[in-house]
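Peer 1: Before I ask anything, let me first share the structure, which is written out below as structure tokens.
4 protein chains.
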Amino acid sequence: MKALVYHGPGQRGWDTVDDPTIVEPTDAIVRIDTSTICGTDLHILKGDVPETTPGTVLGHEAVGTVQEVGAGVTTVTPGDRVLMSCVSACGRCRFCKEGRYGQCLGGGGWIFGHLINGLQAEYARVPFADNSVYKVPAQLGDEQVLFLADILPTSFEVGVLNGRVTPGDVVAIVGAGPIGLAAILTARLYSPGQIVAIDLADSRLESAQRFGADTMINNGREDAVAEVMELTDGLGADVAFEAVGVPETFELAADLIRPGGHVANIGVHGHSAQLHLEKLWSRDVTITTGLVDTFSIPQLLRLIASGRLDPSLFATHRFALGDTMTAYDTFADAANTNALKIVLQGASGRAHNGRAAEVAATTA
Amino acid sequence: MKALVYHGPGQRGWDTVDDPTIVEPTDAIVRIDTSTICGTDLHILKGDVPETTPGTVLGHEAVGTVQEVGAGVTTVTPGDRVLMSCVSACGRCRFCKEGRYGQCLGGGGWIFGHLINGLQAEYARVPFADNSVYKVPAQLGDEQVLFLADILPTSFEVGVLNGRVTPGDVVAIVGAGPIGLAAILTARLYSPGQIVAIDLADSRLESAQRFGADTMINNGREDAVAEVMELTDGLGADVAFEAVGVPETFELAADLIRPGGHVANIGVHGHSAQLHLEKLWSRDVTITTGLVDTFSIPQLLRLIASGRLDPSLFATHRFALGDTMTAYDTFADAANTNALKIVLQGASGRAHNGRAAEVAATTA
Amino acid sequence: MKALVYHGPGQRGWDTVDDPTIVEPTDAIVRIDTSTICGTDLHILKGDVPETTPGTVLGHEAVGTVQEVGAGVTTVTPGDRVLMSCVSACGRCRFCKEGRYGQCLGGGGWIFGHLINGLQAEYARVPFADNSVYKVPAQLGDEQVLFLADILPTSFEVGVLNGRVTPGDVVAIVGAGPIGLAAILTARLYSPGQIVAIDLADSRLESAQRFGADTMINNGREDAVAEVMELTDGLGADVAFEAVGVPETFELAADLIRPGGHVANIGVHGHSAQLHLEKLWSRDVTITTGLVDTFSIPQLLRLIASGRLDPSLFATHRFALGDTMTAYDTFADAANTNALKIVLQGASGRAHNGRAAEVAATTA
Amino acid sequence: MKALVYHGPGQRGWDTVDDPTIVEPTDAIVRIDTSTICGTDLHILKGDVPETTPGTVLGHEAVGTVQEVGAGVTTVTPGDRVLMSCVSACGRCRFCKEGRYGQCLGGGGWIFGHLINGLQAEYARVPFADNSVYKVPAQLGDEQVLFLADILPTSFEVGVLNGRVTPGDVVAIVGAGPIGLAAILTARLYSPGQIVAIDLADSRLESAQRFGADTMINNGREDAVAEVMELTDGLGADVAFEAVGVPETFELAADLIRPGGHVANIGVHGHSAQLHLEKLWSRDVTITTGLVDTFSIPQLLRLIASGRLDPSLFATHRFALGDTMTAYDTFADAANTNALKIVLQGASGRAHNGRAAEVAATTA
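Heads up: the sequence lines are chains A, B, C and D, in that order. So that you can map any letter, position 310 of the first sequence is 310 in my numbering, and since no number is skipped, the others follow by simple counting. So that you can map any letter, position 13 of the second sequence is 377 in my numbering, and since no number is skipped, the others follow by simple counting. So that you can map any letter, position 39 of the third sequence is 767 in my numbering, and since no number is skipped, the others follow by simple counting. So that you can map any letter, position 321 of the fourth sequence is 1413 in my numbering, and since no number is skipped, the others follow by simple counting.
In structure tokens:
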């Protein structure tokens, strides 16, 4: 089969590799119908994720069709259309039993396109299939559910739920890239009173507005802390999300928060940040971190099926799966292409309403 | 009347000052029967709390008897024996309505011996009396409830409740001074499986054992992280309390925690700490800070009345109120005196079982 | 002044009565600008509420302007435009300190138009003013906030919050009168996946649809249990609200619920119901009851101010305050007039955008 | 092998039956080392559980040693000593993913000795072994953990956790049979201020006192409601458990509760009860029901291992497994024998400290 293979820092290819086969009785083999690219894939390509070894197929987000299942798989059968979670769950360890699949001690967690071959490929081996894939309701197209593989549950679980967004809250989101936008979209499920997006790029702030932000602050030009304090009678935001992954944005999020408020870190960090305990010790703040568990996929699926949530706004570009190399170029150049998420369509992917996708390199 | 007056850094006196009088209709005048000294009082004396001006009577913890009440006070009357909270509550602002009295926006919060005259005195003016004092059940002596004014609710609310201690948890407490000991005592209300006390001083670790710690680690000699990891199969503690107030101890607490665990900061900090987001971002940790609200005083009173909680272990030394100057010397020299909390007994204080205290400078 | 006075079962008058005066230092005198009528007022008129004695001024929902305050009132001053809660709060008792004002032990709770004179009058004495009224933001008209006095917080607190509505939930509401409609409106703040309204009257189900219900079931003609089971793959609703107040509707709500679901009783009951423990004991259900506390008024005010919640849909009819007698006739005949809530406009009431109301007996 | 077989109402035998074998790849075969009898077994024998068909081996609580595992089992291997939960969990359905194993939709739930052969036998087939058994720490004897199979988690999860027992609470327990006693024992993990046991039998109240109740009320002779009101200044208990399973005791529990309190039903009911909504509608009560999930077994194991919980008080009688017929007689005659729980010891069971049990029909 064909797959997008990592060949070491800066190197990738759309290569012919061996078809995957069942290794464990809990495995399934899935044909990839629709896949996508994540910012993390770019990090791997930069060499920032040393545990990913050359030769690994990348990708951890896809919708596909089950081809074959191991002897121990009981809940899916060949022909089932399934969403694959970016996080695999053994379903048996302490953390999986708490729904904390991202911390799986039994061999799961984030392994696709990281520790094992991933989902930017024609086929994939899916470990722990019973606890790691979700059947897609027939009436939903691949694109409607594709972003539940990672980005939406990440922002919902690690941002919105950890941050305990409550109706009427002022929610400040530092960073309006795809993760920040997913935080805006899913925060709205709890009817915050005001959503404040903060970013250095006006183009990203325009996206934030399109996703539902009420106030946009360019903190290259404006004093974000002063603006948020003015909006909140000097108290600060009820909830702040860090959605970038550098010390400055974390420290900004912590500066924005009101006494009793919540700072939810969503970003992936490579360095430590200053925690200003000399100010924060007495302010009753709660700071959370987290790796996505994707326990919320069934809930988010229900919200999409009932028309309450529409992630399709993310799909800015579409490519045939065979054009994944070009798709990477487009995604990596988001500053110019304004790409949010790229849809990679296999020959059998189904777009909205179950129709077979008309595959073309189009801009939405 | 006589009172302990702050005269600027390093300076204090047992002075004759004007008797307090009713200023606001919500005030009460209370005769101090039993008082005590807090580590914060020593900080003020060091000059670390610049908003406390020379001439201020110190102290924010006492039991006393109501002498007079303002026109707007409805729930206490002269003759009532009351515990005064270290935190005053206007009872009307947004935060008071949430029980978050430490963040009071209506003129309360920590003001005694800080922004207004305090409770190491023969009499005191108590603002917002209806929402800031608690009647003491007749069967309880002053000493049994005195430490509910500050230290016990501080460790219970900011440590145990914020840290969400749950039966069976491994709870690590960094710092075994009075605040750390109060955290041990109140954590036990939730039946942790193992309490680990960490400190640099063996004498404090001995106290920790007496208060109920199961494992004592001297992190001057031992590697606390390694020890806790060994105790927990490499996972880390479920809950860690920072009970010192310096960057190193906060960073240690954060190092001890398991994925999904809670770090509750109790210490008062003067400097920022490093938050190792490069390790923590994916570990699902929750970090909390807080100023005591003392909303838990009624609950803790019930626990003392029913014999479930006994704070009297803290009372290592007793002095007559008139000997407060000497008492400060003893308390400030805790490294040699092993003082935990000093009981200052006015002429009318009632020890256990309502008997008038036999006042003497004794070591318990 | 003029006021709507209860004269015993079936008897009411728009009478001249004494102007109210300050009695306690915590009182305020408020000029009523806009008031309304509640179903409970009709119950009192039927004689169902024996503790309400003839001679009592009715009404417990109003917006007005403070005229005078007692010596102990610190947070409102004459000229302030305020929303009066149907529930008065002493702010000092155990329950008030928990925000459970409906259970106030200090003389508050539901007393307006029940145990003391109420708010369908030109002026009113408002006890415990500091903890029982809420300043209205200048940009909001009286009608926009009037229904926060009772009906919206009732359905929000006792229904939506007690029932723990979560994004994606199937929420079944038994009874589509004003309380049921307020439950629909406020449940939407949590983005349920599907709202199912159940009632015997098609006209009320039409209102339910207008307020946001997705599925309407007339349980006079249809089998509500069977319909809900079909909608939920045989599991049952995640949350069910009882919004009528008779045994049959409570029992229906309990029949609709899935294992692990919540039944939130909002209705006022005069009789016991059967609790089918022989079915429910093993189904992990949670059943809640409650009297409104109105602790959510500040939150709901923020949601209205930010445009996230619009209760004005309730205002089906408007009358001058002087026409309150006629307004009662219209409200009592809701089956024919389709009245949901009647707005009673004093001479000084301000409609939307702060304009003085154009007062007329109009149908919205 | 030998097993206790149900032969229809009133009929049982210690019969020779076929040895169990692996049927599904998720099965394990376990040798029973220690087992016990539950009140539910007596209900089956009375014919109250019609879905249990004659020929079924009874019993759903045991400690044993794994003999063989199916191809899909990954977390236990032959030789492992395991506690079997009374509730089997497929680990893959919606409810299992929430830890709500008692509601398993994938073939689990309470099936042992109910829908499939049970654990009062020399060997048993254990379905879904990965999610339904728990390894026993080497230092713990069978008897120390045996009662975690059902009775302790039942009272802890369905009583203590559902009832949200909090330090200082007054907890009233209606019914002091084994389930009520387990509720006392596990409620103490949360340091209630006062535990009130209510029963008609003085002998059971004596047991309650032994397990930690502070106040014992014989409601055949005393007015339990009046007594609890007197203990609580007329407010009522914070939490009440129903631990019998008849309408009267449920209604008593609901009568005992304070405004804002919790009634947790633990009993198994055959009839409906009156829910006095005419009193309860305004009292902010929460009523819960539940089937045990046993999600708390790992937590309770940690508490036993750390010496915080000691369930061995339940073991009033011990019999060899071969004497199960006699053991049933003793257990069924608890009124005379004062049996709480009977320990059935197979030839290989290990009592405390890992020693092989000295098997004899002794009274503890």
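Where is the CB? At the ideal position from N, CA and C, for every residue including glycine.
1) So that I know if they touch, is there some Cβ in chain C lying closer than 8 Å to that of G193/A?
2) Helix, strand or coil for N702/B per DSSP?
3) By the 10 Å Cβ neighbour count, where 16 or more other Cβ atoms means buried, how is D397/B classified, buried or exposed?
4) Residues of chain B with CB under 7 Å from Q1391/D, in chain order?
5) Beta-carbon within less than 6 Å of E358/A's beta-carbon, same chain only, minus the 5 sequence neighbours each way: which residues are those?
6) Is L83/A helix, strand or coil when you go by DSSP?
7) N336/A: buried (16+ other C-beta within 10 angstroms of its C-beta) or exposed?
8) Could you pull out every residue in the same chain whose Cβ sits closer than 8 Å to the Cβ of T613/B, ignoring the five residues on either side in sequence?
9) Give me the Cβ distance between I1276/D and I1290/D, rounded to the nearest whole Å; I'm assuming they're in contact under 8 Å.
10) Within 10 Å of its beta-carbon, does P611/B have 16 or more other beta-carbons around it, so buried, or fewer, so exposed?
11) Which chain C residues sit within Cβ distance under 8 Å of R164/A?
12) What residues from chain A crowd round D687/B, counting only those whose CB sits closer than 9 Å?
13) Which of the residues in the segment 998–1025 of chain C, read from start to end, lie with their CB under 8 Å from any CB of chain D?
14) Taking beta-carbon pairs under 9 Å, can you tell me which members of the segment 1149–1162 of chain D lie near chain C?
15) So, at 7 Å on beta carbons, what are the nonlocal neighbours of T780/C in its own chain, with the 5 sequence-adjacent residues on each side left out?
16) Taking Cβ positions only, does T802/C come closer than 8 Å to chain B?
17) For chain A, is any of its Cβ atoms less than 8 Å away from the one on C460/B?
18) So, with DSSP's three-state summary, where would you put T1108/D?
19) Using the rule of at least 16 other Cβ atoms within 10 Å of the residue's Cβ for burial, across every protein chain shown, is P906/C buried or exposed?
20) Nearest to A691/B by alpha carbon, out of D597/B, Q709/B, P373/B?
21) Would you call the segment 825–840 of chain C and the segment 500–520 of chain B touching, i.e. three or more CB-CB distances under 8 Å?
22) Confirm, please, whether the CB-CB distance from L984/C to A900/C is below 8 Å.
23) Identify the contact partners of D130/A in chain D, using a Cβ-Cβ distance below 7 Å as the criterion.
24) Taking the C-alpha atoms as reference points, what is the distance between S931/C and N1066/C?
25) For the alpha helix (DSSP H) containing G403/B, list its first residue and its last residue.
26) Let me see if you follow: with CB-CB separation under 8 Å, is Y190/A close to chain C or not?
27) By Cβ distance, which residues of its chain are closer than 7 Å to V158/A, with the 5 residues on each side in sequence left out?
28) Based on the DSSP output, what are the partners of F241/A in its beta bridges?
29) Compute the Euclidean distance between the alpha carbons of A684/B and M365/B, then round it to the nearest angstrom.
30) Which residues of chain C have a Cβ atom closer than 9 Å to the Cβ of L313/A, listed in chain order?
31) With D1291/D as the anchor, note down where its beta strand (DSSP E) starts and where it stops.
32) At what residues does the beta strand (DSSP E) containing I668/B begin and finish?
33) Roughly how many whole angstroms lie between the Cα atoms of M216/A and Q209/A?
34) T749/C touches chain B at which residues, Cβ-Cβ below 7 Å?
35) So, is E850/C buried or exposed, given that buried needs 16 or more other C-beta atoms within 10 angstroms?
36) Short check: CB of S712/B to CB of T429/B, under 8 Å?
Peer 2: According to the structure data:
1) Position 193 of the first sequence, counted from the start, is the residue given in the question as residue 193/A. Yes, G193/A counts as interfacial toward chain C.
2) As a working mapping, residue 702/B is identified with position 338 in the second sequence. Looking at N702/B - three-state DSSP - the assignment turns out to be coil, as it is neither helix nor strand.
3) As a working mapping, residue 397/B is identified with position 33 in the second sequence. D397/B comes out buried.
4) Here residue 1391/D refers to the residue found at position 299 of the fourth sequence. By Cβ distance, chain B contributes P531, G532.
5) Working through the first sequence from its first residue, we reach residue 358/A at position 358. For E358/A, the pLDDT reaches just 42, beneath the cut-off of 50, and the residue's location in the model is therefore unreliable, leaving the point undetermined.
6) Along the first sequence, one-based indexing puts residue 83/A at 83. Strand at L83/A.
7) What you label residue 336/A is simply residue 336 of the first sequence in a count that begins at 1. It is exposed - the Cβ of N336/A has fewer than 16 other Cβ atoms within 10 Å.
8) On the second sequence, position 249 is the one that residue 613/B refers to. Taken in chain order, the residues that qualify are V538, G539, E606, A607, G631.
9) Counting from one through the fourth sequence, the residue named residue 1276/D turns up at place 184. Counting from one through the fourth sequence, the residue named residue 1290/D turns up at place 198. So it is not a contact: roughly 12 Å between Cβ atoms.
10) The sequence position of residue 611/B within the second sequence is 247, counting from 1. Label assigned to P611/B: buried.
11) Within the first sequence, the letter at position 164 stands for residue 164/A. Result: empty, since nearest Cβ-Cβ is about 13 Å, beyond 8 Å.
12) Mapped onto the second sequence, residue 687/B falls at position 323. Near D687/B there are no residues of chain A at all, since even the closest Cβ is about 32 Å away, more than 9 Å.
13) G998, H999, S1000, A1001, Q1002, L1003, H1004, L1005, E1006, L1008, W1009, S1010, R1011, D1012, V1013, T1014, I1015, T1016, T1017, G1018, L1019
14) none
15) Residue 780/C sits at position 52 when you count from the first residue of the third sequence. The answer, listed in chain order, is Y734, I772, H842.
16) Looking up residue 802/C in the third sequence gives position 74. With 8 Å as the cut-off, T802/C counts as an interface residue toward chain B.
17) For the purposes of this step, residue 460/B is taken as residue 96 along the second sequence, with counting starting at 1. False, the Cβ-Cβ gap to chain A never drops below 8 Å.
18) By one-based count along the fourth sequence, residue 1108/D stands at place 16. It is a strand residue.
19) Your numbering for residue 906/C matches position 178 in the third sequence. P906/C is buried by the Cβ-count criterion.
20) Within the second sequence, residue 691/B is the residue found at index 327, counting from 1. Here the closest residue by C-alpha is Q709/B.
21) no
22) Within the third sequence, the letter at position 172 stands for residue 900/C. Within the third sequence, the letter at position 256 stands for residue 984/C. In contact: A900/C and L984/C (Cβ atoms closer than 8 Å).
23) Taking the first sequence and counting its residues from 1, one reaches residue 130/A at position 130. By Cβ distance, chain D contributes R1184.
24) Position 203 of the third sequence holds residue 931/C. Position 338 of the third sequence holds residue 1066/C. One C-alpha to the other measures close to 8 Å.
25) As a first step, residue 403/B is located in the second sequence; it is residue number 39 there, counting from the start. Per DSSP, G403/B belongs to the alpha helix (DSSP H) from 403–410.
26) Residue mapping note: residue 190/A aligns to position 190 of the first sequence, counting from 1. Yes - at least one Cβ of chain C is within 8 Å of the one on Y190/A.
27) Mapped onto the first sequence, residue 158/A falls at position 158. The residues are A264, I266, G290, V292.
28) Within the first sequence, the letter at position 241 stands for residue 241/A. DSSP output for F241/A lists I173/A, A264/A as bridge partner(s).
29) Counting from one through the second sequence, the residue named residue 684/B turns up at place 320. Counting from one through the second sequence, the residue named residue 365/B turns up at place 1. Spanning the two alpha carbons is a distance of roughly 15 Å.
30) In the first sequence, the residue the question calls residue 313/A occupies position 313. Within 9 Å Cβ-Cβ: nothing; L313/A doesn't reach chain C, min ~17 Å.
31) Position 199 of the fourth sequence, counting from 1, holds the residue named residue 1291/D. Segment 1286–1291, the beta strand (DSSP E) holding D1291/D.
32) If you number the second sequence from 1, residue 668/B lands on position 304. Premise fails: I668/B lies in the alpha helix (DSSP H), 661–669, not in any beta strand (DSSP E).
33) The sequence position of residue 216/A within the first sequence is 216, counting from 1. The sequence position of residue 209/A within the first sequence is 209, counting from 1. Between M216/A and Q209/A, the C-alpha separation is close to 7 Å.
34) In the third sequence, the residue the question calls residue 749/C occupies position 21. Correct list: empty, because the minimum Cβ distance to chain B is about 17 Å.
35) Residue mapping note: residue 850/C aligns to position 122 of the third sequence, counting from 1. Counting Cβ neighbours within 10 Å, E850/C comes out buried, since at least 16 surround it.
36) For the purposes of this step, residue 712/B is taken as residue 348 along the second sequence, with counting starting at 1. For the purposes of this step, residue 429/B is taken as residue 65 along the second sequence, with counting starting at 1. Yes; because the gap between Cβ atoms is below 8 Å, this pair is in contact.
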